[in-house]
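Colleague: Residue numbers (my numbering), protein chains in the order written: chain A, 170 to 589; chain B, 170 to 589. Quick reminder that beta carbons are idealized off the backbone N, C-alpha and C, glycines included. These figures come from a predicted structure and were not determined experimentally.
Below, the structure written as structure tokens:
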């Protein structure tokens, strides 16, 4: 690996560490003023941002990027205004830093409090959407962290100008330099150097597709929060209200299919499959959903393709749905335990015991009874913002808001106590 | 790496996963009954345990282990009774599983609760003390987790018999098989296979010296909680009550020096160094503490050795103390930020502003004002038990008790809500 790339990442991380030490003791109002200043700067710099975005779009079209990727990459006045609005909303949220999570007095008179403090230096490795530059930087800053952003090559010009605009605004408003830094190259070695910067980066959060996330999880020596892979199920129980089940199963697949909390497999109890599936299939067909089913499903829905073993484990992120008929709640739970990614799982049931068993036996970040998996989201949950959805169990699980971008410190006040 | 070692670790982890799924829904009283049964079984099996321990001790002496290591390895009737008592105490602690950490209702009527649930399968890689087998297994089990233990070769016979005794007792009392498993070999490949068992082991906790911990942190692809390295400081401020400072600085170094929360470097403000250090040094001398100081210290304490750059970064775990005179609180904070391991740091001061600054600017798991760093400990903090002291920032920081051996699950109850 190029030594100078590693050295430049380490230098950025050391600068970020110094900024983080100062940010950790910044008052909330100073951080909020900086967020508002960053929002204003984005709006003021619209022309400059769109010019740089046009460079990325031209290169993207020349490279033959799909329409979907070009759309993700595209900034408009409206999208810039939305990013600014996001920063203003962050400014209005409560500061997670300084919260006393617990506090108690020991028999020897020591007063202990467990206080939320910033994580320190957060690295974000992400793909093509340039808005992540602004969203992630804002979240990290509000929680008192310095951030090092490393985006994808398709958006490099957009990312550079966005980072310049917001980081200059933050500094002008009085925050320390280097709170927000963007790696100015998309050299793979830079990402690797970030993954290996143990002791310099406190937490690495990958945002993007399964490939990116697995690369980071497999190679990082820095602590990682794994986000985003969602192979989510909806199980329609034998006791389900079938009209409710139809609404939920339709919503979970169709309302927005390219996101991690969308349903990828529908499980239907055999007692209700004959009544439920043909009707449900018509609705999916009208919405352009391709079905892949087991033998029982194919008997009820002749136009459904045959599901292979691979289908049960696939996060389609598309209008494709795997469908399976199961003989029992046990079979549904076993299927989800085997193939699920522990993201979001739903049961539709009128049966109390079935709801209880599903709630307790399904191991996932979010478990739903009679609701769509699409609700797993920091905004929907009322957290005001999210940096991603953690599918790991350590540190944070489910939607990661500002609170999850902090750690704790025990502060102990005494009067000369020593241990005997 | 031997394929069969990897396969046997994977098989153990899969068995543990099945046990964990059942343990997660076990009632507290069943887990507590198992802990009491395990305690009873240890006492009943004393002779068998001591016989196997004697095999380890004989091999250890033949291999020339130091007296200190032989002492750590040695089991006695008293030590077995202490382990049993530890399990009985765990049975009496509140169950961390099932606690609703937060709960709220969304505007659309969805009821969300954030519930504590077990982590799943926990791997523990540890060194020579056989009591870790029992302590760690008890903690993991109480928090509803299955555990895979991998101990050091010096204690292999002791560990095997201890694991047999407690795991059989747990199973007899009705818990699922394979809640507690010990890797029956000390092959290095087995530890490596544990570190790489992503998706099969939910969390790996190394317990032991710096070498072991760094090996695990550097090589694991499984999420790790880093424990234990403590390069702790006590800073005697210009305003300190010097008698209090003397008691605290003595306690932090001498009360027990081989542990991670013991002080390794003493920082003294130059305003009080002339008065404080000669007196303090006499007391250390009488206790057999070797001092290594900077130039100023050597002038005041002629028998002190010269401190090198290495000394500032060393966790001695012995009756050795690095001593430095600093010109200001700023210099003290800068020194600690540069050399400290972010474990436990103390200031002795009468000055309100100095206390506030130290509390806020020192980045460590535990920050003390006018108290000994030796208090950083799950038992001292009133958690009832601990599996180690985390020096990382993700998931858990500071003493890790039962609560830190759990994760969360969002449970959402609805009435047919879909996302619009």
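#1: Keeping to the same chain, check which residues put their C-beta closer than 8 Å to that of residue 272 of chain B; ignore five residues upstream and five downstream.
#2: Could you tell me how far apart the beta carbons of residue 586 of chain B and residue 277 of chain B are, in whole angstroms, since I believe they sit closer than 8 Å?
#3: Quick one: Cα of residue 332 of chain B to Cα of residue 211 of chain B, how far?
#4: Checking contacts by CB at 9 Å: is residue 392 of chain B closer than that to chain A?
#5: Using a cut-off of 8 Å between C-beta atoms, extract the partners of residue 539 of chain B located in chain A.
#6: Could you tell me which residues DSSP puts in a beta bridge with residue 493 of chain A?
#7: Quick one: grab the DSSP three-state call for residue 258 of chain A.
#8: Using a beta-carbon distance below 9 Å, is residue 564 of chain A in contact with chain B?
#9: Between the alpha carbons of residue 538 of chain A and residue 421 of chain B, how many angstroms are there, rounded?
#10: Under three-state DSSP, which class holds residue 449 of chain A?
#11: Buried or exposed for residue 613 of chain B, going by 16 or more other Cβ atoms inside 10 Å?
#12: Mind pulling the chain B residues with CB within less than 9 Å of residue 371 of chain A?
#13: On the criterion of 16 or more Cβ atoms from any shown chain inside 10 Å, does residue 603 of chain B qualify as buried, or is it exposed?
#14: Could you tell me the alpha carbon to alpha carbon distance between residue 397 of chain A and residue 385 of chain A, rounded to whole angstroms?
#15: Is the beta carbon of residue 269 of chain A closer than 9 Å to that of residue 535 of chain B?
#16: Round the Cβ separation of residue 323 of chain B and residue 225 of chain B to the nearest angstrom and send it over; I've been treating them as touching at under 8 Å.
#17: Quick check: what's the CA-CA separation for residue 457 of chain B versus residue 180 of chain A?
#18: Is there a Cβ from chain A that is less than 9 Å from the Cβ of residue 413 of chain B?
#19: Can you give me, in chain order, the residues of the region 266-280 of chain B that have a beta carbon less than 8 Å from any beta carbon in chain A?
#20: May I ask you to list the residues that DSSP assigns as paired with residue 569 of chain A?
#21: Find the nearest neighbour of residue 367 of chain A within the set A:205, A:558, A:186, A:562, judged by alpha-carbon distance.
#22: Could you spell out where the alpha helix (DSSP H) holding residue 197 of chain A opens and where it closes?
#23: Please list, in chain order, all residues of the same chain as residue 404 of chain A whose beta carbon is under 6 Å from its beta carbon, the five residues on each side excluded.
#24: Which residues in chain B have a C-beta closer than 7 Å to the C-beta of residue 417 of chain A? List them in chain order.
#25: Verify whether the separation of the beta carbon atoms of residue 470 of chain B and residue 563 of chain A is less than 9 Å.
#26: For the beta strand (DSSP E) that residue 459 of chain A lies in, which residues bound it at each end?
#27: Scan the region 372-438 of chain A and note each continuous alpha helix (DSSP H) run of 4 residues or more that stays entirely inside, going in chain order.
#28: Have a look at B:352, B:209, B:573 and flag the residue whose alpha-carbon is nearest the alpha-carbon of residue 342 of chain B.
#29: For chain B, find out if any of its Cβ atoms is closer than 9 Å to the Cβ of residue 384 of chain A; answer yes or no.
#30: Mapping DSSP to helix, strand and coil, what is residue 531 of chain B?
#31: Indicate the three-state DSSP secondary structure (helix, strand or coil) for residue 521 of chain B in the structure shown.
#32: Check the C-beta distance from residue 317 of chain B over to residue 334 of chain B and give it rounded, since I have them as a contact under 8 Å.
#33: Run through chain A and tell me which residues come within less than 7 Å of residue 543 of chain B, C-beta to C-beta.
#34: Taking C-beta to C-beta, are residue 330 of chain A and residue 407 of chain A nearer than 9 Å?
#35: Once DSSP output is grouped into helix, strand and coil, what is the label at residue 515 of chain A?
#36: With a threshold of 16 other CB atoms inside 10 Å of the CB of residue 548 of chain B, please say whether the residue is buried or exposed.
Modeller: Judging by the given coordinates:
#1: Residue 272 of chain B sits at position 103 when you count from the first residue of the second chain. Closer than 8 Å at the Cβ level, and outside the excluded window around residue 272 of chain B, lie 280, 281, 282, 283.
#2: Here the question's residue 586 of chain B lines up with position 417 in the second chain. Here the question's residue 277 of chain B lines up with position 108 in the second chain. The C-beta distance from residue 586 of chain B to residue 277 of chain B rounds to 5 Å, short enough to fall under 8 Å.
#3: Residue mapping note: residue 332 of chain B aligns to position 163 of the second chain, counting from 1. Residue mapping note: residue 211 of chain B aligns to position 42 of the second chain, counting from 1. Near 10 Å, if we compare the C-alpha coordinates of residue 211 of chain B and residue 332 of chain B.
#4: One-based indexing of the second chain puts residue 392 of chain B at position 223. Yes, its Cβ sits closer than 9 Å to a Cβ of chain A.
#5: In the second chain, the residue the question calls residue 539 of chain B occupies position 370. Chain A residues near residue 539 of chain B: 582, 583, 584, 585, 586.
#6: Numbered from its first residue, the first chain carries residue 493 of chain A at position 324. Partner(s): A:436.
#7: Residue numbering aside, residue 258 of chain A sits at position 89 when the first chain is read from its first letter. In this structure, residue 258 of chain A counts as helix in the three-state DSSP scheme.
#8: Locating residue 564 of chain A in the first chain gives position 395, where the first residue counts as 1. It does; some Cβ of chain B falls within 9 Å.
#9: Residue 538 of chain A sits at position 369 when you count from the first residue of the first chain. Residue 421 of chain B sits at position 252 when you count from the first residue of the second chain. Computed Cα separation, rounded: 53 Å.
#10: The residue you call residue 449 of chain A lines up with position 280 of the first chain. It is helical.
#11: Summary: the structure shown does not reach residue 613 of chain B, with chain B confined to residues 170 through 589, and so no result is reported for it.
#12: For the purposes of this step, residue 371 of chain A is taken as the residue at position 202 of the first chain. Going along chain B in sequence order, the residues near residue 371 of chain A (Cβ under 9 Å) are 561, 562, 563.
#13: With chain B covering only 170 through 589, there is no way to say anything about residue 603 of chain B.
#14: The residue labelled residue 397 of chain A in the question sits at position 228 within the first chain. The residue labelled residue 385 of chain A in the question sits at position 216 within the first chain. About 13 Å.
#15: In the second chain, the residue the question calls residue 535 of chain B occupies position 366. In the first chain, the residue the question calls residue 269 of chain A occupies position 100. Contact: no.
#16: As a first step, residue 323 of chain B must be located in the second chain, where it is residue number 154. As a first step, residue 225 of chain B must be located in the second chain, where it is residue number 56. Under the criterion of beta carbons closer than 8 Å, residue 323 of chain B and residue 225 of chain B qualify as touching, at roughly 6 Å.
#17: The sequence position of residue 457 of chain B within the second chain is 288, counting from 1. The sequence position of residue 180 of chain A within the first chain is 11, counting from 1. Cα-Cα distance, rounded: 43 Å.
#18: Start at 1 with the first residue of the second chain, and residue 413 of chain B comes out as number 244. Chain A, which has a Cβ nearer than 9 Å to the Cβ of residue 413 of chain B, makes this yes.
#19: 273, 275, 279
#20: Sequence index remark: in the first chain, residue 569 of chain A carries index 400 (1-based). A:557, per the DSSP bridge assignment.
#21: Taking the first chain and counting its residues from 1, one reaches residue 367 of chain A at position 198. Comparing alpha carbon positions, the residue from A:205, A:558, A:186, A:562 closest to residue 367 of chain A is A:186.
#22: Translated into positions along the first chain, residue 197 of chain A becomes position 28. First-last of the alpha helix (DSSP H) with residue 197 of chain A: 197-213.
#23: Position 235 of the first chain, counted from the first residue, corresponds to residue 404 of chain A. These residues qualify, in order along the chain: 436, 501, 516.
#24: Looking up residue 417 of chain A in the first chain gives position 248. Chain B residues near residue 417 of chain A: 585, 587.
#25: Within the second chain, residue 470 of chain B is the residue found at index 301, counting from 1. Within the first chain, residue 563 of chain A is the residue found at index 394, counting from 1. No. Outside cutoff.
#26: Numbered from 1 along the first chain, position 290 holds the residue referred to as residue 459 of chain A. Unbroken beta strand (DSSP E) run through residue 459 of chain A: 459-462.
#27: 379-388, 411-423
#28: If you number the second chain from 1, residue 342 of chain B lands on position 173. If we check each option's Cα against that of residue 342 of chain B, B:209 comes out closest.
#29: Taking the first chain and counting its residues from 1, one reaches residue 384 of chain A at position 215. Residue 384 of chain A does not count as touching chain B.
#30: Counting from 1 along the second chain, the entry for residue 531 of chain B is found at position 362. Note: residue 531 of chain B maps to coil in three-state DSSP.
#31: Stepping through the second chain from its first residue, residue 521 of chain B is reached at position 352. Here residue 521 of chain B sits in helix by DSSP.
#32: Mapped onto the second chain, residue 317 of chain B falls at position 148. Mapped onto the second chain, residue 334 of chain B falls at position 165. With a beta-carbon spacing of about 17 Å, residue 317 of chain B and residue 334 of chain B fall beyond the 8 Å limit used to define contacts.
#33: The residue labelled residue 543 of chain B in the question sits at position 374 within the second chain. Under the 7 Å cutoff, chain A gives 588.
#34: Counted from its first residue, the first chain places residue 330 of chain A at position 161. Counted from its first residue, the first chain places residue 407 of chain A at position 238. Not a contact, by the Cβ cut-off of 9 Å.
#35: Along the first chain, one-based indexing puts residue 515 of chain A at 346. In this structure, residue 515 of chain A counts as strand in the three-state DSSP scheme.
#36: To locate residue 548 of chain B, count along the second chain from 1; it is residue 379. Taking every protein chain shown into account, the CB of residue 548 of chain B has fewer than 16 other CB atoms within 10 angstroms, so this residue is exposed.
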